[in-house]
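Visitor: In full-length UniProt numbering, the protein residues as written are 1 to 148.
Yeah, the Cβ is synthetic: ideal placement off N, Cα and C, and Gly gets one too.
All of these numbers come straight from a predicted model, not from anything done at the bench.
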Amino acid sequence: MPEIKPPVPPFTTETALAKVRAAEDAWNTRDPERVALAYTEDSEWRNRDVFLTGRRRIVAFLREKWERELCYRLRKELWAHTDDRIAVRFEYEWHDADGQWYRSHGNENWEFAPNGLMRRRYASINDVAITERQRRLHLPPEASSAAA
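1. How is the beta strand (DSSP E) around V59 delimited, first residue to last?
2. According to DSSP, simplified to helix, strand and coil, what is T15?
3. Less than 8 Å between the beta carbons of E111 and D84, yes or no?
4. Within 8 Å, do at least three Cβ pairs link the region 117 to 125 to the region 36 to 54?
5. How close, in whole Å, do the beta carbons of L137 and E77 come, if the pair is a contact with beta carbons under 8 Å?
6. Whose C-alpha, out of S104, Y122, D49, W45, is nearest the C-alpha of R135?
7. I need the straight-line Cα distance from T53 to P7, nearest angstrom please.
8. May I ask which residues mark the beginning and end of the alpha helix (DSSP H) holding A129?
9. So, are the CB atoms of N28 and A123 less than 8 Å apart?
10. Identify, in the order they occur along the chain, each residue of the same chain with its Cβ nearer than 7 Å to the Cβ of E33, setting aside the five sequence neighbours on each side.
11. State buried or exposed for V20, treating a residue as buried only when at least 16 other CB atoms are found within 10 Å of its CB.
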């Protein structure tokens, strides 16, 4: 039986918003295996200057990402959608091992298979160093100790 990840295309504004919220929620868990379940087995990615294909590579990429990007917190916003594509803008905050905080701004273009799994993800991202006082995105108190 094929995997199905509702909502599935064609997207309405309501179902596109649901897809964006589900992605935001999953990424904020910082659980690479959970996040990777939203993508087809052969999903194509571009993340900054990294190009990869397949869930196994997505899991490895995310594991390394969250080892470097500590206390990661993300917000996504629906920008536009068509039948099987969604565009989002996002920002996330994190700090490195030395305690320097960053806000990362970006855009993603997503293309979905008929079963609702993402088959293509193209992300362009820029980082800006910020102070801890400039942060806008905070982890809930119960998640703070797990994210450190």
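Guide: The relevant details are as follows:
1. The count along the sequence shown starts at 1 and reaches residue 59 at position 59. No beta strand (DSSP E) holds V59; the alpha helix (DSSP H) holding it covers 55 to 68.
2. For this step, residue 15 is matched to residue 15 along the sequence shown. T15: helix per DSSP, three-state reduction.
3. Translated into positions along the sequence shown, residue 111 becomes position 111. Translated into positions along the sequence shown, residue 84 becomes position 84. It is a contact, given that the beta carbons lie within the stated cut-off.
4. yes
5. Working through the sequence shown from its first residue, we reach residue 137 at position 137. Working through the sequence shown from its first residue, we reach residue 77 at position 77. With a Cβ gap of about 13 Å, L137 and E77 do not count as contacting.
6. Mapped onto the sequence shown, residue 135 falls at position 135. Answer by Cα proximity: S104.
7. As a working note, residue 53 is residue 53 in the sequence shown. As a working note, residue 7 is residue 7 in the sequence shown. Approximately 23 Å between the Cα atoms of the pair.
8. Locating residue 129 in the sequence shown gives position 129, counting from the first residue. It is not in any alpha helix (DSSP H) - A129 instead sits in the beta strand (DSSP E) that spans 118 to 130.
9. One-based indexing of the sequence shown puts residue 28 at position 28. One-based indexing of the sequence shown puts residue 123 at position 123. No, these two residues do not count as a Cβ contact at 8 Å.
10. For the purposes of this step, residue 33 is taken as the residue at position 33 of the sequence shown. Cβ within range, chain order: V59.
11. For the purposes of this step, residue 20 is identified with residue 20 of the sequence shown, where counting begins at 1. Buried.
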